[in-house]
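Only one structure is covered here, and it is reproduced in the block below.
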Amino acid sequence: MSSVVNSDRIPNNVHLGDDKKLQRALEAWQPRYVEWWKQMGPEGFQEDDVYLRTAISVDHEGWAHFDYVKMPEYRWGIFLTDPVPDRKIGFGDFMGEPVWQTVPGEMRNMLRRLIVTQGDTEPASVEQQRLLGKTCPSLYDLRNLFQVNVEEGRHLWAMVYLLHSYFGRDGREEAEGLLERRSGNPDKPRILGAFNEPCTNWLSFFMFTYFTDRDGKYQLLALAESGFDPLARTTRFMLTEEAHHMFVGETGVLRVVKRTCELMKQNKREDARAEGGIDLATIQRYVNFWYSCSLDLFGGEISSNAASFFANSLKGRAKEDSYPDHKALDVGYAMQVPVIGEGGRPTFRGEEVPLRNAMNEVLRDEYVEDSQRGVDKWNKAIAEAGVSFQIKLPSRRFHRRTGIHAGMHFDVEGNPLTKDEWEARKHQWLPSEADEAYLQSLMSKPVYEANQMANWLQPPPHGIKGKPVEFEYVRRHP
Ligand code: BYC
Ligand code: FE
Ligand code: FE
1 MSSVVNSDRI
11 PNNVHLGDDK
21 KLQRALEAWQ
31 PRYVEWWKQM
41 GPEGFQEDDV
51 YLRTAISVDH
61 EGWAHFDYVK
71 MPEYRWGIFL
81 TDPVPDRKIG
91 FGDFMGEPVW
101 QTVPGEMRNM
111 LRRLIVTQGD
121 TEPASVEQQR
131 LLGKTCPSLY
141 DLRNLFQVNV
151 EEGRHLWAMV
161 YLLHSYFGRD
171 GREEAEGLLE
181 RRSGNPDKPR
191 ILGAFNEPCT
201 NWLSFFMFTY
211 FTDRDGKYQL
221 LALAESGFDP
231 LARTTRFMLT
241 EEAHHMFVGE
251 TGVLRVVKRT
261 CELMKQNKRE
271 DARAEGGIDL
281 ATIQRYVNFW
291 YSCSLDLFGG
301 EISSNAASFF
311 ANSLKGRAKE
321 DSYPDHKALD
331 VGYAMQVPVI
341 GEGGRPTFRG
351 EEVPLRNAMN
361 EVLRDEYVED
371 SQRGVDKWNK
381 AIAEAGVSFQ
391 IKLPSRRFHR
401 RTGIHAGMHF
411 DVEGNPLTKD
421 EWEARKHQWL
431 PSEADEAYLQ
441 SLMSKPVYEA
451 NQMANWLQPP
461 PHGIKGKPVE
471 FEYVRRHP
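If you're matching positions, the sequence shown starts at 1 in the numbering used here and goes up one per residue.
Here you go:
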């Protein structure tokens with residue numbers, strides 16, 4: 001396997017030291033990145049010692065090292081999985097040809113756009129989560145938040161490495177832009193919708209890491225198939241880290257759900273809020289919100305961009321191997337396309353979309369199925385607690401702002417609504433200002449003692465890396 005150099009200013013397994021020009025460019029970007037981190041990273045915790053995992057190799061066993069670090073001193077490195085010898089392109093028009101080690105000229109713009117869009121989400125998520133430390137439910141959770149944050153920072157590094165190495169001056173400019181846009185800032189917003197939504201409480205954080213990081217998983221799986229080999233190898237390694245982010249979300253929601261059921265049982269009217277918990281109806285509304293925002297991240301159902309990405313062998317399907325045919329020509333994908341009908345209520349017309357143009361929807365199909373798995377676990381816990389309630393993923397038509405459903409209205413079952421019907425009923429389905437205020441008040445007192453846990457969620461069954469749950473995962477330096 002390729003050796004890792006950890007002694008350099010930038011830990012890497014890409015022989016950075018052999019390319020002085022590239023090394024200098026990245027070392028010039030590094031202080032600007034750290035500046036960004038200090039300004040836009042977790043607010044109020046930069047001096048603390050955090051028990052973090054740091055990637056130190058791409059070896060399956062022992063790729064990570066665990067120890068206390070101050071976040072601004074985290075060793076963000078550049079790691080690509082080892083090359084697959086004689087790897088051939090697995091899909092699209094260039095199928096069967098050797099993978100590319102440089103960017104084919106005619107694909108330059110398309111590829112840069114994919115890398116920049118992916119890269120932009122990583123710092124965006126750190127920005128969205130920067131105030132959550134002030135309301136954390138435990139040191140265990142605080143540490144997990146910071147773990148996710150530093151790794152999203154490393155994912156930005158992964159994309160910036162590609163921009164600097166393969167896109168010359170344009171790439172360096174894009175790398176600057178990645179540090180200049182700001183989540184939620186109307187003048188210089190992040191590129192994709194969900195990454196401009198405020199994430200202001202821990203229920204949203206768990207939903208974000210469950211649903212939105214899972215979009216990351218599927219986009220990375222699709223890019224991991226790329227004919228541009230450095231992108232494929234970079235994203236493969238990012239997926240190793242991604243698993244933990246989704247774990248934080250899935251187990252976070254599970255712990256909330258279990259605690260909610262416990263509190264319901266303690267109350268005569270099964271009123272979780274009366275006991276200082278989060279009621280299941282509120283949890284459902286946050287599922288509806290973050291799931292629908294995350295569905296938008298897959299792009300339009302019918303997309304000529306998606307077709308070009310696939311045709312040019314730049315972005316495939318998740319686990320392309322599992323599909324019987326890798327050209328996706330002369331095949332259709334049946335879709336129900338909504339059109340505004342009488343009185344402003346959408347109706348549907350069946351359409352056969354060329355499969356390549358439907359690739360965003362194909363990826364979304366996989367995502368929908370995968371999202372259901374955690375929901376089933378949450379529902380199992382609710383049933384085991386003897387509570388009659390089921391969390392449901394809303395229809396994929398619900399609350400969409402990109403693609404064929406944008407600008408139209410549907411209920412959580414996917415039934416068409418007029419604008420007035422939507423306005424009258426949307427608060428049943430989406431978090432209201434009152435929900436937001438309730439969660440803020442519930443979480444207003446952070447828990448910074450190692451042996452304590454907020455009332456609104458259960459402790460986790462295990463700590464991190466064999467440490468007890470009560471371990472001091474973050475040493476505060478007030
Ligand atoms: N918000 O043809 P269309 C992650 C724009 S998450 C706003 O439908 P396309 C992470 C689009 O730019 C994974 N605008 O879409 C998770 C286009 O604009 P122009 C991130 C949007 O291009 C948690 C127009 O609408 N990875 O890693 O086929 C924490 C029509 O576009 C949105 C990637 O995104 C939106 N949601 O597909 C941290 C992978 N969607 O050209 C990290 C790379 C679309 O008309 N990106 N638009 O001005 C891609 O593969 C594609 O760009 C997308 C969009 C799938 C995102
Ligand atoms: Fe990421
Ligand atoms: Fe992530």
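We treat Cβ as the ideally placed atom computed from N, Cα and C, and that holds for glycine. Note that the structure is predicted; figures quoted are calculated from it, not measured.
| Item | Value |
| --- | --- |
| Starting from I78, follow its DSSP beta bridges and name the residues at the other end. | N12 |
| Within 10 Å of its beta-carbon, does K217 have 16 or more other beta-carbons around it, so buried, or fewer, so exposed? | buried |
| Would R112 and E174 be called neighbours here (beta carbons separated by less than 8 Å)? | yes |
| Quick one: what does DSSP say P493 is sitting in, helix, strand or coil? | The structure shown has nothing for residue 493, since the chain only spans 1 to 478. |
| Grouping DSSP H, G and I as helix and E and B as strand, with all else coil, what is W422? | helix |
| Using alpha carbons as the reference points, say which of R169, L442, E241 lies closest to L80. | E241 |
| In chain order, which continuous runs of the beta strand (DSSP E) of length 3 or greater are located wholly inside the stretch 342 to 404? | 346 to 354 |
| Taking the alpha carbon of Q452 as the reference point, which residue from F310, H326, V469 has its own alpha carbon closest? | V469 |
| With a CB to CB cut of under 6 Å and the five nearest residues on each side skipped, what residues in its chain are close to Y367? | Y218 |
| On the DSSP letters alone, give me the boundaries of the alpha helix (DSSP H) that G119 sits inside. | 108 to 128 |
| If I follow the unbroken beta strand (DSSP E) through G332, where does it start and stop? | 332 to 340 |
| Pairing CB atoms from the stretch 271 to 290 with CB atoms from the stretch 323 to 337, are three or more of them under 8 Å? | no |
| Nearest to Q118 by alpha carbon, out of T102, D86, E320, G153? | G153 |
| Measuring CB atoms only, is the stretch 388 to 398 touching the stretch 283 to 302, in the sense that at least three cross pairs come out at less than 8 Å? | yes |
| What do you get for K20, buried or exposed, if any count of 16 or more other CB atoms within 10 angstroms of its CB means buried? | exposed |
| Excluding the 5 residues preceding and the 5 following Y33 in the sequence, name in chain order all residues of the same chain whose CB lies nearer than 7 Å to its CB. | L179 |
| Quick one: is H409 buried, meaning 16 or more other Cβ sit within 10 Å of its Cβ, or exposed? | buried |
| Comparing C-alpha positions only, which one of F310, L314, S388, L16 sits nearest to M359? | F310 |
| Contact between the stretch 67 to 81 and the stretch 232 to 241: three or more CB pairs below 8 Å? | yes |
| Examine chain B for any beta-carbon lying closer than 8 Å to the beta-carbon of L220, and answer yes or no. | Included in the structure is just one protein chain, with no chain B present. |
| Short of 7 Å in beta carbon distance, which residues of its chain neighbour A222, apart from the five on each side in sequence? Order them along the chain. | K315, G316, R317, A318, L363 |
| Is the Cβ-Cβ distance between D86 and S313 less than 8 Å? | no |
| Per DSSP, which residues does K88 bridge with? Please list them. | P98 |
| Helix, strand or coil for A175, going by three-state DSSP, please let me know. | helix |
| So is the beta-carbon of G216 under 7 Å away from any non-hydrogen atom of ligand 3? | yes |
| Quick check: does the Cβ of D120 come within less than 7 Å of any heavy atom belonging to ligand 3? | no |
| How far does the alpha helix (DSSP H) with V150 in it reach, from first residue to last? | 139 to 166 |
| Please state whether the Cβ-Cβ distance between I391 and V287 is less than 8 Å. | yes |
| Which residues in the same chain have their Cβ closer than 7 Å to the Cβ of G463, if we skip the five residues on either side of it in sequence? | Y140, V469, F471 |
| Taking DSSP as the reference, what is the three-state secondary structure of V480? | What is shown of the chain runs 1 to 478, which leaves residue 480 out entirely. |
| Under the three-state reduction of DSSP, which class applies to P42: helix, strand or coil? | coil |
| Alpha carbon to alpha carbon, what distance is there between R143 and L457? | 16 Å |
| Would you mind giving the Cβ-Cβ distance between Y210 and M246, rounded to the nearest angstrom? I have them listed as a contact below 8 Å. | 6 Å |
| If you follow the alpha helix (DSSP H) that K258 is in, where does it begin and where does it stop? | 229 to 266 |
| Sorted by chain position, which residues of the same chain lie with C-beta nearer than 7 Å to H405's C-beta, five sequence neighbours on each side aside? | P338, R397 |
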